[in-house]
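Trainee:
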Amino acid sequence: MSASEFEALQKLLDRAVLDGERWREAGDRLADYLGGAGTIFLPEEIEDQGPWLVHSASLSELVAAIFEGEWHLRSYRRHAIPIIKQRGYATDLDIADDETIRREPFYQELLVPRGFGYFVGLNIQVGHQAWIASVERELGAPVPDRQLFDRVQRILPSLTASARASFALGRKRLESWGDLLADQGRGLFLVDFRGRVIDRNAASELFLGDGLALNDRRICLPDPHADQAFKQLLASACAVVPDGHLPSPVFWRDGNCTQLVADVVRLKPNLRFFYSQEAAIVVIRAVGSSRLELPELLKRRARLTEAEIRLAVALFEGHSLTEYAAAVGNTIGTVRQQLKAIFKKTKTSRQGELLTWMRKLQASSGA
């Protein structure tokens, strides 16, 4: 690859920092640079692997075969991970001789029939997780040599820097979106391609319990019919290949007869970076004509006693602990004990945090 071609690859990696859709193209260009047929971006953790992984179109058949045949669970190349993490890269030659390659089903049953031979795996550390840019080379391609390794070492810094920068910027965008929805009293759940919750905002806590549950990181609704409809909605949103419009939002009532609605938003392709596990965002909110007052909300959501409700409302209205204690004829010590009980029931630890929680509670009910 000439100097101008190398520069073009670096510019493409720079664009991939802001646009997740560019990582597939970057993988194609990386494969060209290293004499490969295509690139698959693989996380080290097996449970995070699936057909949704960003990969070159030329490797689509191989990727489908890997996961249909569960080859990712018995990949011989996992022996190369320690080398990749220590040195920055590895090839099949680091873990297997010719006899091993002729004997191992991973090579003879998966790779060879599809025309693939040696790979080059490049280490990419993204956040706390290790990823591998797996460049697949065609069967019969030259054996990896010093010239190839020089190219790997030349491109690794740019590849790593782009991945880290895009990760930092991508997280900030999702956090900003979460903060916006939290201010609107909506519970927000980020889910992966299997429909598992991987993150959620503070407002989501208001809906857990009577409204919905998290079982093994999966959202479950109390109403069986609504739960089935929600699972279909979520499956459609998390599909690797989306098929048209999403099903309608799902409505149900919680244990306090408050009507709730769940909707799902697919993440746009430009937000799906190669390292992104996020597939969609589930948004839960309260609907209906009922407008509950704050004392009733505190009673239903947090199971506060009447005395605790009076204290919480007084703080919400701007009174201090001393003022409240004098008004109700209690000692400051008694009031502080009541506040500790409120903190425990609302899962907060400071007055400012409690006030924020109550504002979100009020917003989520439409009050």
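The numbering of the sequence shown is the working numbering, which starts it at 905 and goes up by one.
Idealized CB from N, CA, C, for every residue including glycine.
All values derive from a computational prediction rather than experimental measurement.
(1) Mapping the DSSP letters down to three states, classify E974 as helix, strand or coil.
(2) Quick check on F910: does DSSP put it in helix, strand or coil?
(3) Under 7 Å: does the beta carbon of Q1012 sit that close to some heavy atom of the ligand FMN?
(4) Answer yes or no: does any C-beta atom of chain D fall closer than 8 Å to that of A1034?
(5) Pick out the complete alpha helix (DSSP H) segments inside the region 1095-1147, 4 residues or longer, and give them in chain order.
(6) In angstroms, rounded to a whole number, what distance separates the CA positions of R1122 and L1116?
(7) Note the first and the last residue of the continuous alpha helix (DSSP H) segment covering L1243.
(8) Measuring only the C-alpha atoms, how far is Y1179 from E909?
(9) In the DSSP assignment, find the unbroken alpha helix (DSSP H) run with Y1228 in it and report its ends.
(10) Quickly, what does DSSP pair L1215 with across the bridge? List them, please.
(11) Measure the alpha-carbon distance for D1001 versus F1071 and round it to whole angstroms.
(12) Suppose you measure from the CA of F1093 to the CA of L1073; what does that come to, to the nearest Å?
(13) Look up R1195 in the DSSP assignment and say whether it is helix, strand or coil.
(14) Give me the residue from A1107, G1025, F1134 with the minimum Cα distance to L1060.
(15) So for Y993, helix, strand or coil by DSSP?
Mentor: Looking at the atomic coordinates:
(1) Three-state result, E974: coil.
(2) Helix, per DSSP.
(3) The ligand FMN is absent from the structure shown, which contains no ligands of any kind.
(4) Protein chain content of the structure displayed is limited to a single chain, and chain D is not contained in it.
(5) 1128-1141, all fully within the region 1095-1147.
(6) The straight-line gap separating the alpha-carbon atoms of R1122 and L1116 is approximately 10 Å.
(7) It spans 1236-1250 - the alpha helix (DSSP H) in which L1243 sits, taken as one unbroken run.
(8) Straight-line Cα distance between these residues: approximately 25 Å.
(9) 1225-1232 is the extent of the alpha helix (DSSP H) around Y1228.
(10) DSSP, once it has assigned bridges, lists no residue as partnering L1215.
(11) Cα to Cα, D1001 sits roughly 37 Å from F1071.
(12) In a straight line, the C-alpha of F1093 is about 19 Å away from that of L1073.
(13) With a pLDDT of 47 at R1195, under the threshold of 50, the modelled position of that residue is not reliable, and the figure given next carries that caveat. Under the three-state reduction of DSSP, R1195 is assigned to coil, being neither helix nor strand.
(14) Restricting attention to A1107, G1025, F1134, the CA atom closest to the CA of L1060 is found in G1025.
(15) Here Y993 sits in strand by DSSP.
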